[in-house]
Amino acid sequence: MLVEFAMMHAWLVPLLPALAFLVIVFLTRPFEKLSAVVAVGAMAISCVIASFAAYGIFTNHEYAEKPLVYAAKWLSLGVPGVTDNLLVQVGVQLDPVSAMMMFMVSFIATFIFLYSVGYMEGDPGYSVFFSYLSLFGASMLLLVISSNLLQMFIAWELVGLCSYLLIGFYTHKISAREAAKKAFVTCRVADFGLLLGLLALQITFGTLNLVELGEKIHHFEEYTTMGMLTLIAVLVFIGPIGKSGQFPLHVWLPDAMEGPTPVSALIHAATMVVAGVYLVGRTMFLFHEVESAMQLVAVTGAFTALFAATIALTQREIKRILAYSTVSQLGYMMLALGVGSLTASMFHLWTHAFFKALMFLAAGSVLHALHHKADVWEMGGLIKKMPITGWTFVIGGLAIAGIPPFAGFWSKDEILVSTLAEGHYVLFAMAAFTAFLTAFYMWRMIFLAFFGDEKPENHPHESPWTMTVPLIVLAVGAIGAGWLGTPWHNLWAEWIYFGHPHHAAANYGAMLLSIVLAGGGIYLAYTMYLKDAQKKRARRMAEWFGPVYRMLYNKYYIDELYLWFNHALVDGAARLFYLFDIYVVDGIVNGIGALTKSSGDGLRVFQTGRLQNYALIFFLGVLAVAVLVTFTGPSAFSLVLGGVK
Amino acid sequence: MLTISLTHYVVLSALLFSIGLFGVFTKRNAVAVLICIELMLNAVNINLVAFSKYITPTDFTGQIFSIFVITVAAAEVGVGLAIIIAIYRNRLNVDLDNFDWLKW
Numbered sequence: 001m002l003v004e005f006a007m008m009h010a011w012l013v014p015l016l017p018a019l020a021f022l023v024i025v026f027l028t029r030p031f032e033k034l035s036a037v038v039a040v041g042a043m044a045i046s047c048v049i050a051s052f053a054a055y056g057i058f059t060n061h062e063y064a065e066k067p068l069v070y071a072a073k074w075l076s077l078g079v080p081g082v083t084d085n086l087l088v089q090v091g092v093q094l095d096p097v098s099a100m101m102m103f104m105v106s107f108i109a110t111f112i113f114l115y116s117v118g119y120m121e122g123d124p125g126y127s128v129f130f131s132y133l134s135l136f137g138a139s140m141l142l143l144v145i146s147s148n149l150l151q152m153f154i155a156w157e158l159v160g161l162c163s164y165l166l167i168g169f170y171t172h173k174i175s176a177r178e179a180a181k182k183a184f185v186t187c188r189v190a191d192f193g194l195l196l197g198l199l200a201l202q203i204t205f206g207t208l209n210l211v212e213l214g215e216k217i218h219h220f221e222e223y224t225t226m227g228m229l230t231l232i233a234v235l236v237f238i239g240p241i242g243k244s245g246q247f248p249l250h251v252w253l254p255d256a257m258e259g260p261t262p263v264s265a266l267i268h269a270a271t272m273v274v275a276g277v278y279l280v281g282r283t284m285f286l287f288h289e290v291e292s293a294m295q296l297v298a299v300t301g302a303f304t305a306l307f308a309a310t311i312a313l314t315q316r317e318i319k320r321i322l323a324y325s326t327v328s329q330l331g332y333m334m335l336a337l338g339v340g341s342l343t344a345s346m347f348h349l350w351t352h353a354f355f356k357a358l359m360f361l362a363a364g365s366v367l368h369a370l371h372h373k374a375d376v377w378e379m380g381g382l383i384k385k386m387p388i389t390g391w392t393f394v395i396g397g398l399a400i401a402g403i404p405p406f407a408g409f410w411s412k413d414e415i416l417v418s419t420l421a422e423g424h425y426v427l428f429a430m431a432a433f434t435a436f437l438t439a440f441y442m443w444r445m446i447f448l449a450f451f452g453d454e455k456p457e458n459h460p461h462e463s464p465w466t467m468t469v470p471l472i473v474l475a476v477g478a479i480g481a482g483w484l485g486t487p488w489h490n491l492w493a494e495w496i497y498f499g500h501p502h503h504a505a506a507n508y509g510a511m512l513l514s515i516v517l518a519g520g521g522i523y524l525a526y527t528m529y530l531k532d533a534q535k536k537r538a539r540r541m542a543e544w545f546g547p548v549y550r551m552l553y554n555k556y557y558i559d560e561l562y563l564w565f566n567h568a569l570v571d572g573a574a575r576l577f578y579l580f581d582i583y584v585v586d587g588i589v590n591g592i593g594a595l596t597k598s599s600g601d602g603l604r605v606f607q608t609g610r611l612q613n614y615a616l617i618f619f620l621g622v623l624a625v626a627v628l629v630t631f632t633g634p635s636a637f638s639l640v641l642g643g644v645k
Numbered sequence: 646m647l648t649i650s651l652t653h654y655v656v657l658s659a660l661l662f663s664i665g666l667f668g669v670f671t672k673r674n675a676v677a678v679l680i681c682i683e684l685m686l687n688a689v690n691i692n693l694v695a696f697s698k699y700i701t702p703t704d705f706t707g708q709i710f711s712i713f714v715i716t717v718a719a720a721e722v723g724v725g726l727a728i729i730i731a732i733y734r735n736r737l738n739v740d741l742d743n744f745d746w747l748k749w
């Protein structure tokens, strides 16, 4: 009964946080605790509904084949029968993928909301923060359950807006404001591509409903050519490049860490940034038809994974390292999509959400304790004073490094095996090397921050229960979330797949390789950063590879490149147009004024004010007309009078 | 024997009109200008009556029209003199050279 209700009313899941947003904004804003209760309560109820709906989906295998869709007409344009009737719907599409996402988003959001109750204590914008969080939750859940791409795009923009508001939440910090602007502008650039892609889809296929599109694109030859379809796929993919922080539009994501830590965990690690991956997964029917677009997705993903991992090697701020690792893990997910494995991609998305949210929240707990001292080199030995934060962070570290039986191992292994099974050996090598780097930089951070000698100037303390409970819950997820998809009994692949269920058989070689790489990375980090208390070897490495080190530390100078580009091209063009404006536009306007004025000055002398002068001129005029008539005949005269015959 | 033809009337009228016009352009005194305007109007009257007599002798349209002109001219002189008197009361002279207030 309850399950039935939840499945038929899944629209309540985004609606409740949206209502919470309105209630906080208009009613409870002056009462901080009440606002927090409203936000957490609404999200928790959403999570319960989402859980029941997901239960309903995952107990009936029909929905894996044929999604549960219900939609209402929103608006229709055009005259029926005369022009094509454009019908825009709003609706819900429940299938294993969206049910999984809906459950995951609402579940993690609930715990992050709870965590924020403690973390944001004493902030002047306490209620406002919860209203933004609720709006974000509503938008993200709307995106997840959308049955058509237009509705998805609206939610897509809404989450972008919330991201902007929350990154720039500390409005008194210039860096936060700049980061918010950067995130918004970068994502807008990408969204433009997505919008063009959606328009092209609507024009070509006459619908944006996912189910209909899936059927029509399967026979796309009836509608359009391969070239056009490739163009559409590439345009649609530009959106995820921006939203999911893929190279070269990844620049906003590390800067987004200027926002409060719960925001980093919720939006810029676990949910919003995976929206791009989710969108590609949702439109897999489109990419599946276009081989070259699939390769683009795969190469972008693999390159981003490796690229971001190398940058993370040298960063010093705890949240920045996590941000680059997020970019890197998103690259893995894209790679998995690109090699055609929706299963592996969504699996990694699922496990990543748990361990990355966990690590961000733990990092937030550390920052909370150290009064926002973010440099890992200035931490050390924190695990003694902050056992819960420390050990949950270690669990997250083991999960992301890919140590069995933690969650990250299974999903990463699935991606590696899928890549290998499709015969992409170069991409496989890149992904495997990235796994090694990931283990290394993560454990570098953990050894520096949590182990080693304590720094006397720090006075850390464990955080309150509202912050540690979410850590423990997410740590359980980071351990166990991957057991759904072990190679021996892959429950995951039976439900979430594209086309028909398939998963690679257990590949013990790849498994062994990824364990060895992860272990090697951790061991290397151990020898360099923990055993060697003076960090001599680490310093020597930095000196030996000076130029490389500096290049990585400065993130390959991509930001500088964009800045230069901005200066040279945008400002240059602006200067050119400024000159045009000053000399041509203003010149025309001022010229007309000057002409009027000078002609007036010239004609002024004729107005003497003397009647006799006027009479004389009048007479001369009459005389002139008389002469004209005399010498040219009456026709000219009639011309003067306006054609009177 | 000199017979008086239409041409004589027209020439007389033209002369009278030209004298009046010249006076309008050159006289300083406003009253003199009014008198000159009367000259021009009378030149027109002569024209009207002469053409009526020589071209349409049976109709009297020209004569009737000139009576109208005389009537209107009387009214016009009345108004004109009233204005001149008003100006004189203001300025104590009627020299047209001083009346350039219609300037910018």
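From first to last, the protein sequence lines are chains A and B.
The first sequence runs 1 to 645 under the numbering used here.
The second sequence runs 646 to 749 under the numbering used here.
C-beta: ideal position from N, C-alpha, C; glycine also.
Computed from a predicted structure; not experimentally measured.
### Query
Going by Cα to Cα distance, which pick from A/Thr-310, A/Gln-612, A/Ala-180, A/Ala-624 is closest to B/Cys-681?
Numbered from 1 along the second sequence, position 36 holds the residue referred to as residue 681 of chain B. When only C-alpha atoms are compared, the closest one is A/Gln-612.
#### Entry: Neighbouring residues, chain A, relative to B/Phe-744 (Cβ below 9 Å)
Taking the first residue of the second sequence as position 1, residue 744 of chain B is located at position 99. Those within 9 Å of B/Phe-744 in chain A are Gly-609, Arg-610, Leu-611.
### Message
Contact defined as beta carbons within less than 8 Å: I believe A/Ala-36 pairs with A/Val-117. What is the distance between those atoms, to the nearest angstrom?
### Response
Against the first sequence, residue 36 of chain A aligns to sequence position 36. Against the first sequence, residue 117 of chain A aligns to sequence position 117. Yes, they are in contact, since the Cβ atoms of A/Ala-36 and A/Val-117 sit about 5 Å apart, within 8 Å.
#### Entry: With 16 other Cβ atoms within 10 Å as the buried cut-off, status of A/Ser-76
Here residue 76 of chain A corresponds to residue number 76 of the first sequence, with the count starting at 1. Classification for A/Ser-76: exposed.
#### Entry: Any C-beta of chain A under 8 Å from that of B/Leu-741
The residue labelled residue 741 of chain B in the question sits at position 96 within the second sequence. For B/Leu-741, the answer is yes, since a Cβ of chain A falls inside 8 Å of its Cβ.
### Query
Between A/Ala-269, A/His-288, A/Phe-184, A/Tyr-278, which lies nearest to A/Phe-220 when the distance is taken from Cα to Cα?
In the first sequence, the residue the question calls residue 220 of chain A occupies position 220. Out of A/Ala-269, A/His-288, A/Phe-184, A/Tyr-278, A/His-288 has the C-alpha closest to the C-alpha of A/Phe-220.
### Task
Could you check which residue in B/Ala-727, B/Ile-709, B/Leu-747 has the C-alpha nearest to that of B/Ala-675?
For the purposes of this step, residue 675 of chain B is identified with residue 30 of the second sequence, where counting begins at 1. Among B/Ala-727, B/Ile-709, B/Leu-747, the Cα nearest to that of B/Ala-675 is on B/Ala-727.
### Message
Given this structure, state the Cα-to-Cα distance separating A/Lys-412 from A/Gly-301, to the nearest angstrom.
### Response
For the purposes of this step, residue 412 of chain A is identified with residue 412 of the first sequence, where counting begins at 1. For the purposes of this step, residue 301 of chain A is identified with residue 301 of the first sequence, where counting begins at 1. Roughly 14 Å between the two C-alpha positions.
### Query
Would you say B/Leu-726 reaches chain A, if we count a Cβ-Cβ gap shorter than 8 Å as a contact?
Numbered from 1 along the second sequence, position 81 holds the residue referred to as residue 726 of chain B. It does not: the Cβ of B/Leu-726 has no partner Cβ on chain A nearer than 8 Å.
### Task
Could you tell me which chain B residues have their CB closer than 8 Å to the CB of A/Ala-615, listed as they occur along the chain?
Sequence index remark: in the first sequence, residue 615 of chain A carries index 615 (1-based). Near A/Ala-615 (Cβ distances below 8 Å), the residues of chain B are Val-669, Phe-670.
### Query
Which residue spans inside the stretch 433-483 of chain A form an unbroken alpha helix (DSSP H) run of at least 4?
Here the runs fully enclosed are 465-480.
### Query
Nearest-angstrom Cα distance between A/Val-644 and A/Val-627?
Stepping through the first sequence from its first residue, residue 644 of chain A is reached at position 644. Stepping through the first sequence from its first residue, residue 627 of chain A is reached at position 627. Only weak support is given to the placement of A/Val-644: the predicted model assigns it a pLDDT of 49, under 50, and the value that follows is read from those uncertain coordinates. About 19 Å.
### Message
Measuring only the C-alpha atoms, how far is A/Leu-161 from A/Phe-184?
### Response
Counted from its first residue, the first sequence places residue 161 of chain A at position 161. Counted from its first residue, the first sequence places residue 184 of chain A at position 184. In a straight line, the C-alpha of A/Leu-161 is about 7 Å away from that of A/Phe-184.
#### Entry: Secondary structure of A/Leu-149, DSSP reduced to three states
What you label residue 149 of chain A is simply residue 149 of the first sequence in a count that begins at 1. In this structure, A/Leu-149 counts as helix in the three-state DSSP scheme.
### Query
Are A/Lys-536 and A/Tyr-529 touching if we call contact CB-CB under 8 Å?
Your numbering for residue 536 of chain A matches position 536 in the first sequence. Your numbering for residue 529 of chain A matches position 529 in the first sequence. Cβ atoms of A/Lys-536 and A/Tyr-529: not closer than 8 Å.
#### Entry: Alpha carbon of A/Ala-265 to alpha carbon of A/Ile-108, nearest angstrom
Counting from 1 along the first sequence, the entry for residue 265 of chain A is found at position 265. Counting from 1 along the first sequence, the entry for residue 108 of chain A is found at position 108. Approximately 9 Å between the Cα atoms of the pair.
### Message
Looking only at its chain, what residues have a beta carbon closer than 6 Å to the beta carbon of A/Pro-464, apart from the 5 residues adjacent to it on each side?
### Response
Within the first sequence, numbered from 1, the residue matching residue 464 of chain A stands at position 464. Excluding positions up to five away in sequence, the list reads Gly-118.
### Query
Between A/Tyr-553, A/Ala-510, A/Gln-202, A/Val-88, which lies nearest to A/Ile-311 when the distance is taken from Cα to Cα?
In the first sequence, residue 311 of chain A corresponds to position 311, counting from 1. Taking only the C-alpha atoms, the option nearest A/Ile-311 is A/Tyr-553.
### Query
Looking at the C-beta of B/Leu-679, does it have a partner C-beta in chain A at a distance below 8 Å?
For the purposes of this step, residue 679 of chain B is identified with residue 34 of the second sequence, where counting begins at 1. At least 8 Å separates the CB of B/Leu-679 from every CB of chain A.
### Query
Which term fits A/Gly-397, buried or exposed, when burial requires 16 or more other beta carbons within 10 angstroms of its beta carbon?
Residue mapping note: residue 397 of chain A aligns to position 397 of the first sequence, counting from 1. With 16 or more Cβ atoms within 10 Å of its Cβ, A/Gly-397 is classed as buried.
### Message
Between the alpha carbons of B/Lys-672 and A/Lys-597, how many angstroms are there, rounded?
### Response
Your numbering for residue 672 of chain B matches position 27 in the second sequence. Your numbering for residue 597 of chain A matches position 597 in the first sequence. Each residue's Cα considered, the two are about 35 Å apart.
### Query
Are the stretch 165-172 of chain A and the stretch 43-55 of chain A touching, with three or more C-beta to C-beta distances below 8 Å?
Result no; under three Cβ-Cβ pairs closer than 8 Å.
#### Entry: Residue range of the beta strand (DSSP E) that includes A/Tyr-70
As a position in the first sequence, residue 70 of chain A is number 70, starting the count at 1. Looking at the DSSP string, the run of the beta strand (DSSP E) that includes A/Tyr-70 is 68-77.
### Completely contained alpha helix (DSSP H) runs for the stretch 555-638 of chain A, where each covers 4 or more residues
558-565, 572-580, 586-604, 611-632, all fully within the stretch 555-638 of chain A.
### Query
A/Asn-490 by DSSP, collapsed to three states: which one?
For the purposes of this step, residue 490 of chain A is taken as the residue at position 490 of the first sequence. The answer is strand: DSSP assigns A/Asn-490 an E or B state.
### Query
With respect to the alpha helix (DSSP H) encompassing B/Gln-708, which residues constitute its N-terminal and C-terminal limits?
The residue given as residue 708 of chain B occupies position 63 in the second sequence. Residues 706-736.
### Task
Return no unless some Cβ of chain B is closer than 8 Å to the Cβ of A/Phe-580.
Here residue 580 of chain A refers to the residue found at position 580 when the first sequence is read from its first residue. So, not an interface residue.
### Query
Hey, is the stretch 276-283 of chain A in contact with the stretch 514-524 of chain A, meaning 3+ C-beta pairs nearer than 8 Å?
no
### Query
Of the residues that make up the stretch 686-699 of chain B, which ones have a beta carbon closer than 9 Å to any beta carbon in chain A?
none
### Query
Can you list, in chain order, the stretches of the alpha helix (DSSP H) that have 4 or more residues and sit fully within the stretch 90-177 of chain A?
96-119, 126-145, 149-167
### Query
In chain A, which residues lie less than 9 Å from B/Leu-747 when you measure between Cβ atoms?
Working through the second sequence from its first residue, we reach residue 747 of chain B at position 102. Per Cβ cutoff of 9 Å: Gln-607, Thr-608, Gly-609, Arg-610, Leu-611, Tyr-614.
### Message
For B/Asn-687 and A/Gly-591, I'd like the C-alpha separation in whole angstroms.
### Response
Start at 1 with the first residue of the second sequence, and residue 687 of chain B comes out as number 42. Start at 1 with the first residue of the first sequence, and residue 591 of chain A comes out as number 591. Between B/Asn-687 and A/Gly-591, the C-alpha separation is close to 53 Å.
### Message
Please list, in chain order, the chain A residues whose beta carbon lies closer than 8 Å to that of B/Asp-666.
### Response
Position 21 of the second sequence, counting from 1, holds the residue named residue 666 of chain B. The residue you asked about is not Asp; residue 666 of chain B is Leu in the sequence shown. Neighbours of B/Leu-666 on chain A, chain order: Phe-619.
### Query
Tell me which same chain residues have a C-beta within less than 8 Å of the C-beta of A/Ile-515, skipping the five on either side of it?
To locate residue 515 of chain A, count along the first sequence from 1; it is residue 515. Excluding sequence neighbours, A/Ile-515 sits near Gly-402, Ile-403, Pro-404, Phe-409.
### Query
Do you know how far the Cα of A/Leu-420 is from the Cα of A/Trp-443?
The residue labelled residue 443 of chain A in the question sits at position 443 within the first sequence. The residue labelled residue 420 of chain A in the question sits at position 420 within the first sequence. Cα to Cα, the separation comes out at about 27 Å.
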